[in-house]
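Number of protein chains: 2
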Amino acid sequence: MTDKEYDLLYSNKKEVDYKAGETIYKQGTESKYLIFLLSGMAKVYVEGDNNKNFILELVKPFQFIDIPSIFDNDMLYRSSSAVVDSRACLVDLQAFKSIILGSKNNIPRLVKHFNHMQNRYSNRLTNVIYKNMEARIADAFLYLVNEVYFSREFTLTISRTDLANLAGMSRESTSRILSEFKEQEILKIVGKKVEVLDKKQLEHIARFG
Amino acid sequence: MTDKEYDLLYSNKKEVDYKAGETIYKQGTESKYLIFLLSGMAKVYVEGDNNKNFILELVKPFQFIDIPSIFDNDMLYRSSSAVVDSRACLVDLQAFKSIILGSKNNIPRLVKHFNHMQNRYSNRLTNVIYKNMEARIADAFLYLVNEVYFSREFTLTISRTDLANLAGMSRESTSRILSEFKEQEILKIVGKKVEVLDKKQLEHIARFG
DNA sequence: GAATCAATGTGAGATATCTCACATTCAATG
DNA sequence: CATTGAATGTGAGATATCTCACATTGATTC
Chain Z
63 MTDKEYDLLY
73 SNKKEVDYKA
83 GETIYKQGTE
93 SKYLIFLLSG
103 MAKVYVEGDN
113 NKNFILELVK
123 PFQFIDIPSI
133 FDNDMLYRSS
143 SAVVDSRACL
153 VDLQAFKSII
163 LGSKNNIPRL
173 VKHFNHMQNR
183 YSNRLTNVIY
193 KNMEARIADA
203 FLYLVNEVYF
213 SREFTLTISR
223 TDLANLAGMS
233 RESTSRILSE
243 FKEQEILKIV
253 GKKVEVLDKK
263 QLEHIARFG
Chain P
63 MTDKEYDLLY
73 SNKKEVDYKA
83 GETIYKQGTE
93 SKYLIFLLSG
103 MAKVYVEGDN
113 NKNFILELVK
123 PFQFIDIPSI
133 FDNDMLYRSS
143 SAVVDSRACL
153 VDLQAFKSII
163 LGSKNNIPRL
173 VKHFNHMQNR
183 YSNRLTNVIY
193 KNMEARIADA
203 FLYLVNEVYF
213 SREFTLTISR
223 TDLANLAGMS
233 RESTSRILSE
243 FKEQEILKIV
253 GKKVEVLDKK
263 QLEHIARFG
């Protein structure tokens with residue numbers, strides 16, 4: 063990004079704080095901002111009619127939380143909310159659009175974001191349709207290890223309910239599978255502290271159930 | 063699109079025929095082509111481990127069937143195949159990329175495609191997770207009426223198995239729901255001929271199950 | 001038009017997952 | 001540190017959907 067672009071983007075930027083649980087983007091509404099996460103963590107999820115939701119991904123600092131349907135109607139196909147207290151920076155959507163149109167250097171990055179999102183959707187979809195509960199939980203933990211906490215040991219920043227929504231199943235079933243995995247010494251879980259003891263096995267379960 | 067762009071795109075174009083059932087794109091592979099459908103119909107679907115698949119959308123002539131993850135690794139996140147005998151035109155992916163980078167006029171259109179795809183994914187996902195079989199079948203028929211055949215009366219170009227995969231359920235269950243809907247005079251179905259008798263009711267079922 | 005194969009319809013039992021109810025643990029607060 | 005409310009764990013019955021088996025229909029070929 064050039065200095066000029068940077069200026070345009072951040073000239074009248076606003077910083078905002080979100081409390082844990084607070085909604086950031088609401089599915090079905092339009093937004094005039096891109097929201098760049100500075101600290102904390104957000105979840106991006108698809109809302110159903112009943113008050114359930116399905117978590118697509120967890121977003122960490124220094125990424126845009128989501129991108130509205132730009133060059134269309136600026137609507138949001140998903141909701142987002144903070145999972146822990148977070149701070150973010152609002153970027154004007156019009157400014158963002160003109161930067162995208164302004165230089166071809168920025169297009170590949172935008173397209174990559176869309177690719178990523180589609181890949182994520184495909185994964186989540188196959189998960190829910192083809193895999194049993196064990197495989198879905200295994201998959202969720204592999205996601206946490208490989209793409210969220212980047213370590214086999216971590217402190218969960220999300221609740222069991224969120225974990226359930228990430229795996230696309232009920233909280234109760236999630237608890238039961240978690241107990242199974244503890245029993246089989248695949249995971250060590252004490253409260254929010256998690257250690258993946260047998261990643262190979264987790265991968266096997268994620269694949270074959 | 064300018065004439066120059068048009069020339070670049072179609073200079074060494076190739077036309078190809080696909081038999082019904084034939085695979086066009088294979089999930090997990092890369093492709094050097096964009097494939098533009100000239101006649102017939104294609105299904106775009108996500109493959110699971112077991113030989114099941116979930117249909118994301120049906121593509122009709124004069125649209126690109128799918129777009130590989132350009133500016134990334136040109137991989138496909140989905141598979142596609144012809145549902146009836148079809149003819150398509152292969153467009154070189156490199157040429158397409160340079161056109162996208164060449165003029166800002168083409169960016170909004172590309173971005174809209176991504177937006178559409180994401181919207182589609184969100185819908186399909188909510189469908190499978192939150193809705194019961196009746197609602198999913200109702201939803202599938204509304205999709206066929208509103209976005210595929212553009213009429214309350216049409217001749218199905220897909221099998222019951224495809225219909226099941228579009229609704230994300232088993233072929234047998236699909237048959238049973240179809241019989242229910244015939245019984246309740248919501249649909250009139252004779253072989254491949256379909257008439258939606260009560261669209262309001264269909265919409266209600268799609269919403270509330 | 002009889003024979004054969006694929007597509008579709010239907011019933012009943014099997015199974016995975018959810019729901020409800022309650023027990024337990026954990027965290028916050030006075 | 002006792003109390004309260006929220007988050008989590010667990011059991012058992014309820015339920016939706018699938019699977020398997022078979023019947024029926026439709027399409028194709030000789």
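Those protein sequences? They're chains Z and P, same order as listed. Sequential numbering from 63 applies to the first sequence in this note's numbering. Sequential numbering from 63 applies to the second sequence in this note's numbering. The C-beta atom is built at its ideal place from N, Cα and C for all residues, glycine as well.
According to the Cβ coordinates, are residue i and residue j closer than 9 Å?
i         : j         : result
Z/Asn-177 : P/Ile-248 : no
P/Val-190 : P/Gly-164 : no
P/Pro-123 : P/Leu-99  : yes
P/Val-153 : P/Leu-96  : yes
P/Ala-268 : P/Asp-201 : yes
P/Val-258 : P/Val-210 : no
Z/Leu-187 : P/Leu-187 : yes
Z/Thr-236 : Z/Arg-222 : yes
Z/Asp-79  : Z/Asp-147 : yes
P/Asn-227 : P/Phe-116 : yes
Is the Cβ of residue i closer than 9 Å to any Cβ of chain Z?
i         : result
P/Glu-109 : yes
P/Thr-188 : yes
P/Gly-230 : yes
Can you pull the chain Z residues whose beta carbon is under 7 Å from the beta carbon of residue i, in chain order?
i         : result
P/Phe-132 : Rather than Phe, the amino acid found at residue 132 of chain P in this sequence is Ile. Those are Val-173, listed as they occur along chain Z.
P/Asp-179 : The displayed chain sequence assigns Met, not Asp, to residue 179 of chain P. Residues of chain Z passing the Cβ test: Gln-180.
P/Pro-170 : Phe-133
Taking residue i as the query, report the chain P residues whose CB atoms sit under 8 Å from its CB, ordered along the chain.
i         : result
Z/Thr-279 : Only positions 63 to 271 of chain Z appear in the structure, and residue 279 of chain Z is not among them; the question remains open.
Closest to residue i by CA distance: which of the options is it?
i         : options                                    : result
Z/Ala-157 : Z/Glu-245, Z/Lys-244, Z/Asp-260, Z/Lys-75  : Z/Lys-75
Z/Tyr-87  : Z/Glu-109, Z/Gly-102, Z/Leu-138, Z/Val-78  : Z/Leu-138
P/Ile-239 : P/Val-252, P/Cys-151, P/Arg-198, P/Asp-147 : P/Arg-198
Z/Phe-216 : Z/Leu-228, Z/Ala-82, Z/Arg-186, Z/Phe-203  : Z/Phe-203
P/Met-103 : P/Lys-94, P/Asn-115, P/Lys-81              : P/Lys-81
Z/Ser-160 : Z/Lys-262, Z/Ile-251, Z/Lys-66, Z/Ile-127  : Z/Lys-66
Z/Arg-140 : Z/Val-173, Z/Gly-90, Z/Val-252             : Z/Gly-90
Z/Leu-232 : Z/Ser-93, Z/Glu-92, Z/Lys-114, Z/Gly-83    : Sequence check: residue 232 of chain Z is Ser here, not Leu. When only C-alpha atoms are compared, the closest one is Z/Lys-114.
P/Gln-125 : P/Tyr-183, P/Lys-105, P/Asp-136, P/Phe-116 : P/Lys-105
Z/Glu-265 : Z/Phe-243, Z/Lys-255, Z/Val-252            : Z/Phe-243
P/Ser-143 : P/Val-252, P/Arg-171, P/Glu-109            : P/Glu-109
So residue i contacts chain P; which residues on that side make the cut at Cβ distance below 7 Å?
i         : result
Z/Lys-114 : Tyr-192
Z/Phe-158 : Ordered by position in chain P, no residue passes the 7 Å Cβ test against Z/Phe-158, which lies about 12 Å from the chain.
Is there a C-beta anywhere in chain P that falls below 9 Å from the one on residue i?
i         : result
Z/Lys-166 : yes
Z/Ser-184 : yes
Z/Leu-163 : yes
Z/Phe-126 : no
Z/Arg-198 : no
Z/Ile-239 : no
Z/Gly-102 : no
Z/Gly-83  : no
Could you tell me which chain P residues have their CB closer than 9 Å to the CB of residue i, listed as they occur along the chain?
i         : result
Z/Tyr-139 : Asn-177, Gln-180, Asn-181, Tyr-183, Ser-184, Asn-185
ask   = Enumerated in chain order, which unbroken segments of the beta strand (DSSP E) with a length of 3 residues or greater are wholly contained in the segment 148-180 of chain P?
value = 148-154
inquiry  = Which runs of the beta strand (DSSP E) at least 3 residues long sit entirely within the segment 114-144 of chain Z? Give them in chain order.
reply    = 115-121, 141-144
task = Please specify which runs of the beta strand (DSSP E), each continuous and at least 3 residues long, are wholly inside the segment 77-110 of chain P, giving them in chain order.
result = The segment 77-110 of chain P contains these whole beta strand (DSSP E) runs: 85-87, 95-101, 104-109.
inquiry  = Restricting to runs no shorter than 4 residues, where is the alpha helix (DSSP H) found entirely within the segment 183-266 of chain P?
reply    = 195-205, 222-229, 233-245
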